[in-house]
Amino acid sequence: MAASDTAAGDTAAAEAAVPAPGADVLGGASLPAVRRRVQWALVVSQILGGLGVSTAVALAAVLAQDIGGSEAVAGLASTSSVIGTALLSLPFAALMARRGRRVGLTSAYAVAAVGGLVVVVAATVRNFPLLLVGMAAFGAGNVAGLQARFAAADLAEPLKRARAISVVVWATTIGAVLGPNIAAPAGSSVAPLGVPRTAGPFLWGTAVFVVAGLLLHLLLRPDPLLTARALSRAERAGTGGGGADADRADGADERSLRAGLSAVAASPRARAALAAVAGSHTVMVSVMVMTPVDLGSHGAGVELIGLVISGHITGMYAFSPVMGWLADRIGRVSVILVGVALLACATALAGTANGHHAQSAAGLFVLGLGWSAGLVAGSALLTDAVPQQSRAAVQGLSDMIMNAAAGVGGALSGLVVAQAGYGWLNLLAAALLVPVAALALPVVTRRRT
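Following the working numbering, the numbering of the sequence shown begins with 15 at its first residue and continues without gaps.
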């Protein structure tokens, strides 16, 4: 198989030959220098964003139970955040398509910060519906984190696109690991202000989101998406592909949701990529959310459950650069199929553990690896498979479908476990991998013939 599944004509050599109009867009800087600045800005913001999300989410269920007065509503806080992420993905993608990544990402962090403040107010006045509204807005922080991986791909060399995505995904590890550990100090720090301790992490999260937004506002210049479009226009002009047709190709109509749907429908590779991203995420969330319940029913304590989940998070993020390197070396679709195999293995391990905690831990670790392979390779393939002018719309559509599907999967997983058991949940999750493989395999076959 070729080293990468990049679109025809989208090569590093062509990019290096960008004519003079592109140089004006870069403000006199070299393209490699701009790439490095953009990636560093995204990495630092991703660390901050991951810290803000994980610090607050660590106590979201406890806060919801305290305000709602029942364990039955404890999970609604996280569910509202997932729903908010899904619903906000398209509006922010549309904003990025019109105004660029810098405006879109900073706006997402601003909405998330407002959501954090609403949660604090809801906790103070003990208003449960207001809490859910705040949690939905807080989900914009996840939107920013997810869209950052695509921002990393905007100016990346085609043969290194998956690695650029994977570095930004990896950066989430730092914030995700540190966040839960500072939740308690964050809660204690707000006690003198009359704010409930369980709401303290959301106040801290708000502050972190503000810093992340300001960082991107200052450093994400030139804007990677707008710059990539300008370079693409310059390249077309230099090869005789410019003119009125090129201008129309970059029109707003090509950046709408309808354009995104059309671009995906027209490309088998895009369909395979979208299925990989959504399927991997849904399988991961569906199994992961019920694993602590299964472990607890088999006598595992809080410490052991925490260790298993930590191993799962390590599998998700720490090895993403490896997945990016593999996707660039052996091809996006090949790594997607590796992810399918890892997720199938994970569901088999977890679903048959039956109280063997070491096997459950291994299953959850492999589950994280499979998710990482599907997300990184699927995101790179999705970017490769659609025209430049439609990418932002397609990427927003991808995140919306991914989070909506995972939200449904997470909500139904509890019912499946209650009615049929944890083993059946893993079997049904594995069944979701069949359409992913069915869409990916023909793409591999076509490239080999």
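The beta-carbon is built from N, C-alpha and C at its ideal position, and this holds for glycine as well.
- For the pair of segments examined, the region 380-397 was found to touch the region 281-294: the number of CB pairs separated by less than 8 Å reaches three.
- The region 427-443 and the region 313-331 do not touch, with fewer than three beta-carbon pairs separated by less than 8 Å.
- Excluding residues up to 5 positions away in sequence, Ser180, Val183, Trp184, Ser386 and Val390 lie with their Cβ nearer than 7 Å to the Cβ of Ser334 in the same chain.
- In terms of Cβ geometry, Gly63 and Gly159 form a close pair [threshold 8 Å].
- With a beta-carbon spacing of about 5 Å, Ile81 and Arg140 fall inside the 8 Å limit used to define contacts.
- For Gly118, the number of other beta carbons within 10 angstroms of its own is at least 16, and it is reported as buried.
- In this structure the region 297-305 lies against the region 374-382, because at least three pairs of beta carbons, one per stretch, are closer than 8 Å.
- Considered as a whole, the region 340-367 harbours 346-365 as its complete alpha helix (DSSP H) runs of no fewer than 4 residues, in chain order.
- Sixteen is the threshold: since fewer than 16 other Cβ atoms of the shown chains lie within 10 Å of the Cβ of Gly310, the residue is exposed.
- 8 Å or more divides the Cβ of Pro215 from the Cβ of Gly227.
- Put simply, the backbone Cα of Pro199 is about 39 Å away from that of Arg175.
- Following the DSSP letters along the chain, one finds Phe142 inside the alpha helix (DSSP H) bounded by residues Phe142 to Phe152.
- Closest in C-alpha terms to Thr328, from the list Ala154, Ser92, Ala190 and Thr120, comes Ala190.
- Taking the Cβ atoms as the reference, Phe106 lies roughly 7 Å from Gln161, within the contact range of under 8 Å.
- Take the alpha-carbon of Ser121 and the one of Asp413: they are about 17 Å apart.
- A direct Cα-Cα distance of roughly 46 Å separates Val352 from Val135.
- A Cβ-Cβ contact shorter than 8 Å links Thr212 with Ala137.
- Straight through space, the alpha carbons of Leu439 and Asp308 are spaced by roughly 11 Å.
- Ser103 and Asn417 have their C-alpha atoms roughly 9 Å apart.
- Closest option to Ala74, judged by alpha-carbon separation, among Leu217, Ala244, Val125 and Val48: Leu217.
- Per the coordinates, the alpha-carbon of Asn156 lies some 15 Å from the alpha-carbon of Ala292.
- Its Cα nearest to that of Ala444, the residue Thr296 stands out among Ala166, Leu240, Thr296 and Leu275.
- Runs of alpha helix (DSSP H) with 4 or more residues, each lying fully within the region 297-346, are found at 316-331 and 334-343, listed in chain order.
- Counting other Cβ atoms within 10 Å of its Cβ, Ser84 stays below 16 and is therefore classed as exposed.
- Excluding the 5 residues flanking it on each side, Phe142 has same chain C-beta neighbours closer than 8 Å at Ala78, Ile81, Gly82, Val87 and Ala136, in chain order.
- Taking a contact as a CB-CB distance under 8 Å, the pair Leu145 and Val133 counts as one, their CB atoms being some 6 Å apart.
- Counting the other Cβ atoms within 10 Å of the Cβ of Pro238 gives 16 or more, which makes it buried.
- Rounded to the nearest whole angstrom, the CA to CA distance from Tyr331 to Ala124 is 25 Å.
- Counting only runs of 4+ residues, the alpha helix (DSSP H) found wholly inside the region 174-202 occupies 175-195, in chain order.
- A straight line joining the alpha-carbon of Gly377 with that of Ala358 spans about 10 Å.
- In terms of Cβ geometry, Pro194 and Ser68 form a close pair [threshold 8 Å].
- DSSP places Arg235 outside both helix and strand once states are collapsed to three, so it counts as coil.
- Per DSSP, the continuous alpha helix (DSSP H) segment holding Leu442 begins and ends at Tyr436 to Ala445.
- Here DSSP, grouped into helix, strand and coil, assigns Ala167 to helix.
- The three-state secondary structure of His371, taken from DSSP, is helix.
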